[in-house]
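Residue numbers (my numbering), protein chains in the order written: chain A, 1 to 329; chain B, 1 to 172; chain C, 1 to 692.
Using N, Cα and C, we set each Cβ at its ideal position, and we do this for glycine too.
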């Protein structure tokens, strides 16, 4: 780890100004991703501005039924919140599917959104990686890519976003509230993360120095009937091979409303717009679910070691929709 | 770059001046002589470094010590003041919930923190429904403790020890 | 055999080191108190083969707090190159990616690591070869395999018998490269005081480390003191001296008066702590229609490092499991640019019995026989290859007892028949075996003072229960209560002890203690004066091979497989073992369930993935290399037959540390077949293998 200055922020605007002014400064939340990367040599900030004690730690109900989650709320507290558990169960389940109890007690909402891929080549500074060093090449495309993307990837990068929480937020049409030097802006979470394209080093639309202050969930009745399924190699404490966040409302035997997002498939949480379009108004049957899953995965481009993700994603989506239909979690 | 911090560790106020790069784990082990939390992976992937910080179980290998200024830290050693074992520690002994012992202090602190979380009604991934947790079944114990790896494979006895500790009132 | 009268042995006693361990105050190697420690961080090669052309240490050396930077240009010279793994910083040759090429010693961990990252090496890179496959044309037969067994064996005409058999099974199985990954990484503190070297180490044999380090450094053994009272797991990886021991000693020479502390990072544990070779195993079984074996052929391909050979004895268990007049076993090695493989729990038996016990399951299906019945029909009356009578063999009893407890008779043999809520379920069985080893050369000393017996032997407790088990044995050997015993282990100042390996520890050390106690009583009687002392070695003939001495067991597993996602989860698992007298029930059970848990992990999760372009394990941390979590282990238990083996040791015991892992992966693989009808022959059994 290279040496750095540490400061604790007492004011969000001041923190923004401080980090904006230095290209080699970063924000520190819970540290569970940043410190990991500093030790790996991937992140080499000269100034670390600790924002974990800013007053951004509340979960509030807003007029109209929306919910505002402070950027500094710990993952464990968010998952345990009564409103979240009852109104947006998919979000609670997604959080609880991630990491471990100890890590969830440290990790923050903002930090979870900003965490970076666990691609083994990205994390190894001794091998080429376009995300770490643009133009150096992608070691995963012809390498061990079992954990990598089948949707939305590029020749420069096939990494997958590792967050479970972000998948649920994508399904729920959440909004990321960001403070910059010019003031506040609101970014739909589905636009917050980028696909790799030719610049995989840019993972979000944030400018340097912009600070996430909150995430807002809209009032969303369909979210009450939602769930998260995560397919893992072992029963706990593992990243997703494939995961699905889904919310489903059925009326008179037809799909009245639906939200679906996949994890483990792409550089960002994959909002399944094709599957949703296929399902809206369709009969709530196995056949509709099969057709929707197939539609969403139709353009999947498997790599040498991850072809299994195609049937796994289709099957998992169908299984989850089936469960939500039956009223079972 | 150096910074000065104060921590309360196992009931004692400790002040130190250290490199900003020092993690809480290394501050405890190398600077304060508090060796109960162990370094198993240094990357948040094994749980051997778990302590209670401000009442919550946390891994210490990814926490910068400077960011923990003012924290109250309890390690497995602090759970046994004067050698009087905490009920969870006694249960681990009774059920042989350890072998090499390297993951054990982390397991102990994680258990104590986990029981507090359950008492406060925090769900786990396997929790069904919305009611507050009364007694944890084996499936809950296993899931909630999965952030603590044990290569010796003492899990079966760890679960039995925790079940026993709950039964004896470790989680009212 | 003069048997001990059991009063303390066989009794369930709390682990004596337990209290310190639950408090976190038992000192592991890195935690030993030393004055003014300095910290070592190594620099590793980023090529797999070639030569170092230059190393620029100038930026590293300029950092404040750096005490020394060593490379092969300025490292002290070693005396002996007999073990090439230990030829550390002595030449510009690179043998594998991740090899030590330099080291930084500094005042703090942070400075040492930061400085190490500033060291820049330039290489003359050579093409490396890490391509492990059975199709290579350069596979060769080693002179012997690990533990001194013959490489090949032949009886009758196995090929002809197989070709003429009524029922034939010809299948190839594979197990991946695996890493032991004890929770405590390999660690040494090295301190020179004039010409004496102290190593606070984490090892399965303090005396072996002393011998090897002394030889390598050109010292007399008396100049080296190795201390290792508590070991945070080893599973074989701490059985040999490794490069980090030498690196710490060399670095400490360049930091005079300082105790130099080195703990490998978890990432470094994938390169510098040994590993279990991958295997490709062709198994052929020829049988009559009613399941009597006529031919057994087991051909193994595995890897070794190019610079130092290690050949795992994978086909050896096949030489004793089942009766058949025509037999062949083979081991062939691929010498690759990889780190040297080493021991990992039950080397040989673990991968070999995976293949053999899945093959038997496949044969049972082919013959239309119950898998337990097939094994019973092929029970050999004596050791099939040596002809020796069995010291003890209760495999059939283990299978029957396990079947009874597991509800085996209710099993519908047809696969893919049981499904609940989208989860297919099945149960499987496999045999287990492990040799009974006694190693010669341990010595125990006993001294009486102030009403207690001080028992000294340089043995090791890696979580294996040695502190407690040897206390119980000593108590019975001296016919006193365990409270009157004060045991010391884990230090070369104590009498010589053989390695904690081959499940031989308690047998070898315990026997030495029994012999020492006999000598003590012979000399000093039952009312010894203060200061009375005696010593003895594990006696002549303890490793006698008149009888074929092995432990056996049966593994039963039930699994659930998600039909949609391919996830495989354990539902329950039971091991039934025959291992002689159990010295301490709770410690034995812990060893057995620990082994079974490692076997579950092997079956479903573990694989070190080699990227052949880099020559390097890609998934080199705990997030990428999965071991079983608490949530994976459901309803797992181990029991044993009550027995006393009066041919094995005076304690009646045989050793319990490794048999738990043997056969476990096969039982799970067989259960997966029973659940799904899919026969997975390549470990680990991950969801993708069920879906494609």
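Taking 8 Å as the CB-CB cut-off, is residue 237/A touching chain C?
Yes - at least one Cβ of chain C is within 8 Å of the one on residue 237/A.
Taking Cβ-Cβ distances below 8 Å as the criterion, which residues of the segment 626-649 of chain C are in contact with chain A?
Only 626, 628, 629, 630, 631, 632 from the segment 626-649 of chain C bring a Cβ to less than 8 Å from some Cβ of chain A.
Contact set between the segment 28-43 of chain A and chain C, restricted to residues whose Cβ is under 7 Å from the partner
Going along the segment 28-43 of chain A in chain order, one finds 41 with a Cβ nearer than 7 Å to chain C.
Measure from the alpha carbon of residue 398/C to the alpha carbon of each residue in 158/C, 210/C, 204/C, 576/C, then state which is nearest.
Nearest C-alpha to residue 398/C: 576/C.
I want to see whether chain C comes within less than 8 Å of residue 6/B, judged by CB atoms only; does it?
For residue 6/B, the answer is no, since every Cβ of chain C falls outside 8 Å of its Cβ.
Three-state secondary structure assigned by DSSP to residue 172/B
Summary for residue 172/B: the model assigns pLDDT 46, below 50, so the residue's position carries little reliability; its value from the coordinates is reported in the next sentence. For residue 172/B, the secondary structure class from DSSP, reduced to helix, strand or coil, is coil.
Cβ of residue 152/B less than 8 Å from any chain C Cβ?
Chain C places a beta carbon closer than 8 Å to that of residue 152/B, counting this residue as a contact.
Where residue 607/C falls, given that 16 or more other Cβ within 10 Å makes a residue buried
Here residue 607/C is buried, its C-beta having at least 16 other C-beta atoms within 10 Å.
For the pair the segment 465-478 of chain C and the segment 494-506 of chain C, tell me if three or more CB-CB distances fall below 8 Å.
Segments in contact, yes.
Identify every residue that forms a DSSP beta bridge with residue 556/C.
DSSP lists 429/C, 574/C as partners of residue 556/C.
Counting only the same chain and skipping the five closest in sequence on each side, list residues whose C-beta sits under 6 Å from that of residue 172/B.
Its pLDDT being 46, under 50, residue 172/B is placed unreliably by the model, and the measurement read from it follows with that caveat. Excluding residues within five positions, none has a Cβ falling inside 6 Å.
Against chain B: residues of the segment 216-239 of chain C by CB proximity under 9 Å
Cβ contacts with chain B come from 230, 231, 232, 233, 234, 235.
Per-residue contacts from residue 157/B into chain C (C-beta, under 9 Å)
Within 9 Å of the CB of residue 157/B, the CB atoms of chain C belong to 586, 589, 590, 593, in sequence order along the chain.
At a CB distance below 8 Å, what residues from the segment 87-120 of chain A approach chain B? Give them in sequence order.
Only 92, 93, 96, 97, 99, 100, 101, 102, 103, 105, 106 from the segment 87-120 of chain A bring a Cβ to less than 8 Å from some Cβ of chain B.
Do three or more CB pairs link the segment 649-662 of chain C to the segment 204-219 of chain A at distances below 8 Å?
Touching, no, given that fewer than three Cβ pairs across the two stretches are closer than 8 Å.
Spatial neighbours of residue 639/C within its chain, please: CB distance less than 6 Å, with the 5 preceding and 5 following residues excluded, ordered by chain position.
Hits under 6 Å: 576.
Return the residue from the list 63/A, 53/A, 46/A that minimises the CA-CA distance to residue 11/A.
With distances taken between Cα atoms, residue 11/A lies closest to 53/A.
Chain B residues whose Cβ lies nearer than 8 Å to that of residue 11/A
For residue 11/A, no chain B residue has a Cβ inside 8 Å of its Cβ, as the nearest lies near 17 Å away.
Please confirm whether residue 113/C has its beta-carbon closer than 8 Å to some beta-carbon of chain A.
True, the Cβ-Cβ gap to chain A drops below 8 Å.
Test item: CB-CB of residue 224/A and residue 125/B under 8 Å
Not a contact, by the Cβ cut-off of 8 Å.
Jot down the residue ranges of each uninterrupted beta strand (DSSP E) in the segment 154-241 of chain C, minimum 3 residues, whole runs only, in chain order.
Restricted to the segment 154-241 of chain C, the beta strand (DSSP E) segments that are unbroken, complete and at least 3 residues in length are 167-175, 187-193, 196-201, 224-227, listed in chain order.
Under a CB-based cut-off of 8 Å, is residue 622/C close to chain B?
Look at residue 622/C: its C-beta is under 8 Å from a C-beta on chain B.
Under 8 Å, with one C-beta from each stretch per pair, do the segment 58-72 of chain B and the segment 37-44 of chain B reach the 3-pair mark?
Segments in contact, yes.
Straight-line gap, residue 155/B to residue 584/C (C-alpha atoms, nearest Å)
Distance between the alpha carbons of residue 155/B and residue 584/C: 19 Å.
Using a cut-off of 7 Å between C-beta atoms, extract the partners of residue 28/C located in chain B.
Chain-order list of chain B residues neighbouring residue 28/C: 102, by C-beta distance under 7 Å.
In whole angstroms, what separates the C-alpha of residue 140/A from that of residue 59/C?
C-alpha separation (whole angstroms): 32 Å.
Residues that residue 678/C bridges to, as DSSP identifies them:
Paired residues: none, contrary to the question.
Give a yes or no on whether the minimum CB-CB distance between residue 122/A and chain B is below 8 Å.
It does not: the Cβ of residue 122/A has no partner Cβ on chain B nearer than 8 Å.
Against chain C, which members of the segment 32-48 of chain B pass a CB distance test of less than 9 Å?
For the segment 32-48 of chain B, the beta-carbon criterion of a distance under 9 Å to any beta-carbon of chain C is satisfied by 33, 34, 35, 36, 37, 38, 39, 40, 41, 42, 43, 44, 45, 46, 48.
By DSSP's criteria, residue 64/B is part of a beta bridge. Which residues make up the other side?
According to DSSP, which records beta bridges pairwise, residue 64/B is partnered with 23/B.
Is there a Cβ from chain A that is less than 8 Å from the Cβ of residue 147/B?
Yes, residue 147/B lies at the interface with chain A (some Cβ there is under 8 Å from its Cβ).
Measuring straight from C-alpha to C-alpha, what distance separates residue 540/C and residue 442/C?
C-alpha separation (whole angstroms): 11 Å.
Would you verify that the beta carbon of residue 76/B is, or is not, closer than 8 Å to some beta carbon of chain C?
Judged by the 8 Å Cβ criterion, residue 76/B is in contact with chain C.
Counting along the chain, where does the beta strand (DSSP E) carrying residue 53/C start and finish?
It spans 50-56 - the beta strand (DSSP E) in which residue 53/C sits, taken as one unbroken run.
Taking Cβ positions only, does residue 261/A come closer than 8 Å to chain B?
Cβ-Cβ to chain B under 8 Å: no for residue 261/A.
Span separating the alpha-carbon of residue 336/A from that of residue 44/A:
This structure does not reach residue 336/A, given that chain A is present from 1 up to 329, and the question cannot be answered.
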